[in-house]
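According to my numbering, the sequence shown is numbered sequentially starting from 323.
Just so it is clear, CB atoms sit at the ideal spot from N, CA and C, and this is done for glycine as well.
Just so we're clear, the structure is a prediction, and the values are computed from it rather than from any experiment.
In what follows, a structure is listed as structure tokens, so that the remarks can point back to it.
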Amino acid sequence: MLAWGFVFLLTIIIHTTDSLSYALRLGLALTVAGMLLLVSRTSNMAQGPLLGGMADQAKAATQVGGTDIRLELYMHGVLLAATVGTMLAILLYPTVVRMSARWIVHLEHTGSIPALVRHLMLRSRWKHAGYYIKRPTWSMLTSLISGAIPKRLIILNIAVTAIYTTGVVSALYASFLWPAQGTAMSMSSGLINGVATVLLTLLIDPRLAVLSEKTLRGELPLTRMNSMYGWMIISRLAGTLLAQLLLVPLAIWLGWVMS
Numbered sequence: 323m324l325a326w327g328f329v330f331l332l333t334i335i336i337h338t339t340d341s342l343s344y345a346l347r348l349g350l351a352l353t354v355a356g357m358l359l360l361v362s363r364t365s366n367m368a369q370g371p372l373l374g375g376m377a378d379q380a381k382a383a384t385q386v387g388g389t390d391i392r393l394e395l396y397m398h399g400v401l402l403a404a405t406v407g408t409m410l411a412i413l414l415y416p417t418v419v420r421m422s423a424r425w426i427v428h429l430e431h432t433g434s435i436p437a438l439v440r441h442l443m444l445r446s447r448w449k450h451a452g453y454y455i456k457r458p459t460w461s462m463l464t465s466l467i468s469g470a471i472p473k474r475l476i477i478l479n480i481a482v483t484a485i486y487t488t489g490v491v492s493a494l495y496a497s498f499l500w501p502a503q504g505t506a507m508s509m510s511s512g513l514i515n516g517v518a519t520v521l522l523t524l525l526i527d528p529r530l531a532v533l534s535e536k537t538l539r540g541e542l543p544l545t546r547m548n549s550m551y552g553w554m555i556i557s558r559l560a561g562t563l564l565a566q567l568l569l570v571p572l573a574i575w576l577g578w579v580m581s
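Here it is in structure tokens:
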């Protein structure tokens, strides 16, 4: 349970930081967004061995005739943490948008990410932090999702998020269901995530890049870009919920492909 709790916490961190990257892109703070994603990737590195250890313990218990340790339930709990992390990002979204502009000012002053981190660690730099805290309101939500609805982009982002969220988890669960091929199963998450990578690279990122460029050139109003990122983070939340339904079917699909 301690290991699962740590995985749950790391998953929240991963999906909170990933989702908040939309807020930083909205604030044109691409460098700071990269720093936030670095936190996510580092958490992901720590999460992987812990998830693998849970699957190994489940297989070991089964081999010695132990009782069902409900690995599937634990895996669903990990996916629930993804939803919690994304919801937390939605709550923090307006605050991070306001703070990102200030972070860019500090980055211009310090000149590097390590210097920026040291700069922000000073207690004096946070005495006015309360000014930037802003709670999400219903009017903010309606303004973000107002205007034309990018239905195709929403559906694609839901699918990509769901696949990415459950890819590694489904592969590990497949290694539990087919222990004789456990190593092959646990290494096969790329078969799942590869589909999401193709969709993200070819259909989603180029669209967002074009919209961002047009906004910077003044060809599109900032409200259009705000609305787009609002839809992206909401569809990301929906994707984490869809991942719950895909966990077992994708594990079975991997077992069929690898058998």
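Need the endpoints of the alpha helix (DSSP H) that residue i sits in, please.
i	result
Pro472	Unbroken run through Pro472: none, as it is neither H nor E.
Gly512	511-521
Gly504	504-508
When DSSP labels each residue in this structure, what does residue i get in the three-state scheme?
i	result
Arg558	helix
Met443	coil
Lys536	helix
Arg546	helix
Thr459	coil
Arg392	coil
Ser422	helix
Pro581	Here residue 581 is Ser; the residue named in the question, Pro, does not match the sequence. Of the three classes helix, strand and coil, the one that applies to Ser581 here is coil, per DSSP.
Trp553	helix
Trp575	helix
Trp500	coil
Assuming residue i and residue j form a contact by the criterion Cβ under 8 Å, report the distance between their Cβ atoms to the nearest whole angstrom.
i	j	result
Leu569	Leu401	6 Å
Ile514	Leu572	6 Å
Gly375	Ala325	6 Å
Ala506	Met580	5 Å
Leu533	Leu542	7 Å
Ala345	Val418	4 Å
Leu413	Pro458	6 Å
Ser510	Ala493	5 Å
Phe328	Leu372	6 Å
Ser557	Ile476	4 Å
Phe330	Ala403	4 Å
Leu393	Ala380	4 Å
CB of residue i to nearest heavy atom of the ligand NAD: below 7 Å?
i	result
Arg474	No copy of the ligand NAD appears in this structure; indeed no ligand is present at all.
Inspect the CB distances between the region 402-413 and the region 497-510 and report whether three or more fall short of 8 Å. These segments do not touch.
Taking 8 Å as the threshold, find out whether the region 476-483 comes into contact with the region 543-552 through three or more Cβ pairs. In short, these stretches do not touch, since the Cβ pair count stays below three.
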